[in-house]
Amino acid sequence: MLPGILRTWANIALDFALPPRCAACGTIVGDVHSFCADCWTQIEFLGDSGCAGCGMPLEATDSATCAACLARPPRIARTRAAVAYGELSRGLAIRLKYGRKVAIARTMARYMAPLVQAGEAAVLMPVPLHRTRLWGRGFNQSALVARELSRRLQLPDDPLSLRRIRRTAPLKGMSPAQRRKAVSGAFKVADKAAVEGKIVILIDDVLTTGSTAAACARALRKAGAGRVELISWARVVRPSRLMR
Ligand SMILES: [Zn+2]
Ligand SMILES: [Zn+2]
325 MLPGILRTWA NIALDFALPP RCAACGTIVG DVHSFCADCW TQIEFLGDSG
375 CAGCGMPLEA TDSATCAACL ARPPRIARTR AAVAYGELSR GLAIRLKYGR
425 KVAIARTMAR YMAPLVQAGE AAVLMPVPLH RTRLWGRGFN QSALVARELS
475 RRLQLPDDPL SLRRIRRTAP LKGMSPAQRR KAVSGAFKVA DKAAVEGKIV
525 ILIDDVLTTG STAAACARAL RKAGAGRVEL ISWARVVRPS RLMR
């Protein structure tokens, strides 16, 4: 143990070298992988509230499950997102996507981790990119987040068994029906043994209408996955008001 005064100096030297910064605006903050007070007020944290299935806000009802999930149980048994999609959460997702910023993946994982309800036989799987996109960018942003979650939660992550076998056009501007059609059959499980009987927790950065994740879930269930869940960083809470 170092004497108190030395410890203090050592901490000051360390802080001076690497002051923790707000993940959104870069202001120096007191805690690593967090946000400053100003940015904090701009983020809408969703937490574990909402419909037990799809996670959408349940307004004016005492039911735990929304009408849509009751009428037709979703292919993804449980969907959760850390924050609502907005200027700030979108900025973070964009910086992660184009900058390979591991620090941002850590920040996202920090807020996503409490939403993971992991039991035995759970495996984290990032929503895959098509290989041509992977070559162009060099990494899959959701795989970075899955890696950080795996470290934090001591859960296995598997970025290889679920594959995107067809390159899909960007879904932006498409209707939900067009999106479903565009991603239908785009995913395949390369290694059935990796998913058979498992609880697969899909990891994504931004969730809009959920058509991509639903197509992943379809491939996973077909390959024998026992249950599929989805945890994303940000979510468009009202898909009818998609941000352009
Ligand atoms: Zn800030
Ligand atoms: Zn629901």
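Using the numbering used here, you'd call the opening residue of the sequence shown number 325 and step up by one each time.
Even for Gly, the Cβ is constructed at its ideal location relative to N, Cα and C.
Presumed contact (8 Å Cβ cut-off) between residue i and residue j, rounded CB distance
i, j, result
"L370", "V407", "6 Å"
"V524", "V447", "6 Å"
"L420", "L468", "7 Å"
"L479", "A445", "With 8 Å as the limit, L479 and A445 do not qualify as a contact, their Cβ atoms being about 10 Å apart."
"S413", "A558", "4 Å"
"T403", "G379", "4 Å"
Nearest to residue i (by Cα), restricted to the options the options
i, options, result
"D528", "P398, V560 and T365", "V560"
"T533", "L544, S358, P398 and Q465", "P398"
"A549", "C540, A348 and I555", "C540"
"W364", "A347, L526, E520 and R461", "A347"
"A297", "V353, A405, R461 and I367", "The shown model of the chain, from 325 to 568, leaves out residue 297, and the question about it has no answer."
"V513", "R490, K425 and T389", "R490"
Burial state of residue i (16 or more Cβ within 10 Å)
i, result
"D481", "buried"
"E472", "buried"
"P452", "buried"
"L342", "exposed"
"P296", "Nothing can be reported for residue 296: it is not among the residues displayed for the chain, which extend from 325 to 568."
"A429", "buried"
"I367", "buried"
"L554", "buried"
"L526", "buried"
8 Å Cβ cutoff met for residue i and residue j
i, j, result
"S485", "A537", "no"
"A501", "A493", "no"
"L531", "S556", "yes"
"R503", "S466", "no"
"L382", "C393", "no"
Margin query: Would you call the region 350-361 in contact with the region 423-434, where contact means no fewer than 3 C-beta pairs closer than 8 Å?
Written below: Using a C-beta cut-off of 8 Å, the region 350-361 makes contact with the region 423-434, since at least three inter-stretch Cβ pairs fall below that distance.
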